[in-house]
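Residue numbers (our numbering): 3 to 365.
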Amino acid sequence: MSRLRQLVWLAAIFAACRGAPGAPVFRKTQLDGAFRSEGVALADVNRDGLMDVMAGDIWYAAPNWIPHQIKPPATYSDPPNQYSDAFIVFAADVNGDGWVDEIVFGFPGQGAFWRENPRGAPGDWVEHPLAPTATSESPALAPWGLVFGTGPSRISWFEPGNFAEHLIDDLHPVPAHGLGIGDLDGDGRLDVVTHTGYWSAPTDPRSSPWPFTSLDLGPDCAQMYVLDVNGDGLPDVVASSAHQLGLWWYEQMPGRVFVQHQIDATFSQSHSLQLADLNGDGLPDLVTGKRVWAHGLTGDVDPGGTPFLAWYENRGRGDWAKHVIDSSSGVGTQFAVGTLRAGGKPAIVVSNKNGVYLFQQDP
């Protein structure tokens with residue numbers, strides 16, 4: 003893989019999310035009132051220097067958010083009880099041509115694929131297979147590639163460019179809910195984390211199998227993040243409940259034992275979670291909300307609850323303060339946080355059964 007492609011791939015992972023100090027105030031814009039996807043990405047699709055929005059079959063061009071077709075968009079006659087074919091959306095220059103492509107994970111258990119940016123030419127984007135089966139509902143981007151389950155007891159990572167599969171393990175159960183990347187054991191290498199344990203990264207990530215260590219990191223969850231929450235020098239874990247109640251951080255104690263701390267237990271279906279410094283104080287904050295009708299009008303706990311979006315201010319030492327951003331949008335199974343232009347403040351974009359929404363801070 004070329005150095006340029008490595009840099010582009012890393013840029014897709016570590017989008018700048020730093021802003022100026024102060025309490026963020028967000029301005030809401032509805033990009034679309036239709037159900038387009040459950041996942042969404044920010045990327046400069048047309049290379050004009052502005053970040054656009056990719057939501058499954060449609061991308062929206064900044065700054066006026068004009069919709070453009072990637073492929074004929076799916077339509078839903080009964081959105082509350084139907085599912086999108088775009089559960090997760092990532093943006094990356096897959097083929098190294100300098101144009102950002104779209105990576106899409108469909109309904110859990112189905113396949114993943116990528117769509118090739120036509121580089122400004124008219125017509126639909128060409129779709130290419132990535133993997134025939136993807137069982138993880140929160141696949142993760144790592145510096146070395148895409149990580150996700152490919153079976154009930156199989157997890158792999160896929161290399162950027164040709165998406166060559168590298169087996170991590172095929173001996174331990176791989177939960178459908180809950181997946182993250184981070185150095186959990188403190189050896190300087192990025193491990194693969196689930197709520198039932200973690201795989202320690204070897205010196206060469208292409209070697210397999212990766213050693214597995216069982217852990218109790220709570221119930222089924224969405225995206226997981228590894229960070230030192232309380233400043234004691236030990237990496238902790240933050241996670242949110244996919245379908246039940248709970249937003250938590252797990253404190254690592256000596257001996258690699260983890261203690262659960264509740265951040266918020268007042269709402270259900272926080273099926274997507276992002277980590278970003280929204281107020282520019284140097285501490286990573288949490289962004290999440292309530293997924294809209296994850297299992298229809300009657301499924302899960304409190305399916306008709308307020309579809310809100312919120313950020314939890316990291317005050318240090320495990321202290322979090324909740325700030326509600328909006329109460330009529332909610333989240334999907336994945337959303338994006340990033341700057342819309344160089345030097346800008348972090349913005350949030352969500353896509354779900356309520357539509358596609360952008361929340362941006364004024365300069």
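Yeah, the Cβ is synthetic: ideal placement off N, Cα and C, and Gly gets one too.
Counting only the same chain and skipping the five closest in sequence on each side, list residues whose C-beta sits under 6 Å from that of residue i.
{"i": "W322", "result": "I265 and Y314"}
{"i": "E167", "result": "S158 and F160"}
{"i": "N232", "result": "R319 and G320"}
{"i": "P69", "result": "I60 and Y62"}
{"i": "A88", "result": "S39, G41, G58 and V106"}
{"i": "R29", "result": "Q362"}
{"i": "F165", "result": "L132"}
{"i": "V128", "result": "E118"}
{"i": "Y227", "result": "G182, V240 and L277"}
{"i": "N83", "result": "G298"}
{"i": "P207", "result": "W146"}
{"i": "W101", "result": "N119 and R121"}
Where DSSP assigns a beta bridge to residue i, which residues make up the other side?
{"i": "F115", "result": "V106 and P131"}
{"i": "P207", "result": "P207 pairs with nothing; no bridge assigned."}
{"i": "Q246", "result": "Paired residues: none, contrary to the question."}
{"i": "W322", "result": "N316"}
{"i": "D193", "result": "G184"}
{"i": "A178", "result": "Beta-bridge pairing links A178 to no other residue."}
{"i": "P145", "result": "DSSP lists no partner for P145."}
{"i": "V27", "result": "For V27, which the question treats as bridged, DSSP gives no partner whatsoever."}
{"i": "L360", "result": "T31 and V351"}
{"i": "S216", "result": "G199"}
{"i": "L288", "result": "L277 and Y314"}
{"i": "H263", "result": "W251"}
{"i": "L169", "result": "S158"}
{"i": "L229", "result": "D238"}
{"i": "F92", "result": "I105"}
{"i": "D283", "result": "Looking at the DSSP assignment, D283 forms no beta bridge with any residue, so it has no partner."}
{"i": "A296", "result": "G298"}
{"i": "D328", "result": "L311"}
{"i": "S270", "result": "L247"}
{"i": "A338", "result": "V351"}
{"i": "V303", "result": "Partner(s): none; V303 has no beta bridge."}
{"i": "G153", "result": "R156"}
Using C-beta distances below 7 Å, list every residue in its chain close to residue i, excluding the 5 sequence neighbours before and after it, in chain order.
{"i": "P81", "result": "F37 and K355"}
{"i": "A144", "result": "W159, I183 and L192"}
{"i": "S155", "result": "D172, L173, H174, P175 and V176"}
{"i": "P204", "result": "W212"}
{"i": "P120", "result": "W127"}
{"i": "R5", "result": "Residue placement at R5 cannot be trusted, given a pLDDT of 49 that sits under 50; what the coordinates show is reported in the next sentence. If we look at R5 and ignore the five residues flanking it on each side, it has no Cβ neighbours."}
{"i": "Q32", "result": "G357 and Y359"}
{"i": "G367", "result": "Here the chain comprises residues numbered 3 to 365, so residue 367 is not present and cannot be evaluated."}
{"i": "K324", "result": "D266, A312 and Y314"}
{"i": "F310", "result": "G291, K292, V326, D328, S329 and G332"}
{"i": "H396", "result": "Coverage of the chain is limited to positions 3 through 365, which leaves residue 396 absent and any answer about it impossible."}
{"i": "A76", "result": "D59 and D87"}
Would you mind stating whether residue i and residue j have Cβ atoms separated by less than 7 Å?
{"i": "G147", "j": "P162", "result": "yes"}
{"i": "S140", "j": "Q225", "result": "yes"}
{"i": "H263", "j": "D222", "result": "no"}
{"i": "P26", "j": "Q276", "result": "no"}
{"i": "D238", "j": "W251", "result": "yes"}
{"i": "G190", "j": "T215", "result": "no"}
{"i": "V195", "j": "V149", "result": "no"}
{"i": "A114", "j": "M56", "result": "no"}
{"i": "V333", "j": "G301", "result": "no"}
{"i": "S243", "j": "Q336", "result": "no"}
{"i": "A142", "j": "L181", "result": "yes"}
{"i": "V303", "j": "A312", "result": "no"}
{"i": "D34", "j": "G257", "result": "no"}
{"i": "V294", "j": "V339", "result": "no"}
{"i": "Y78", "j": "F109", "result": "no"}
{"i": "L360", "j": "N316", "result": "no"}
{"i": "W116", "j": "V96", "result": "yes"}
{"i": "S331", "j": "T308", "result": "no"}
Using 6 Å as the cut-off, classify the Cβ of residue i as near or not near the heavy atoms of the ligand NAD, replying yes or no.
{"i": "Q363", "result": "With respect to the ligand NAD, the structure shown offers nothing to examine, as it has no ligands at all."}
Answer yes or no: does any C-beta atom of chain C fall closer than 7 Å to that of residue i?
{"i": "D103", "result": "The displayed structure is made up of one protein chain only, and chain C is not part of it."}
Suppose the cutoff is 8 Å on Cβ atoms and the five residues either side in sequence are ignored; what does the same chain contact list for residue i look like?
{"i": "G1", "result": "For residue 1 there is no data in the structure shown, the boundaries of the chain being 3 and 365."}
{"i": "A344", "result": "G51"}
{"i": "I170", "result": "V149, I157, S158, W159, V194, W201, S210, P211 and W212"}
{"i": "F260", "result": "L217, D218, L219, D238, V239, Y252, E253 and Q254"}
{"i": "G153", "result": "T135, T137, D172 and V176"}
{"i": "N48", "result": "D54, A63 and G122"}
Threshold first: 4 residues or longer. Then list the alpha helix (DSSP H) segments lying entirely within the stretch 41–84, N to C.
none
Can we say the stretch 245–257 touches the stretch 269–289, given the rule of at least three CB pairs closer than 8 Å?
A contact exists between the stretch 245–257 and the stretch 269–289.
Quick check: the stretch 335–351 against the stretch 277–287, are there 3 or more CB pairs under 8 Å?
yes
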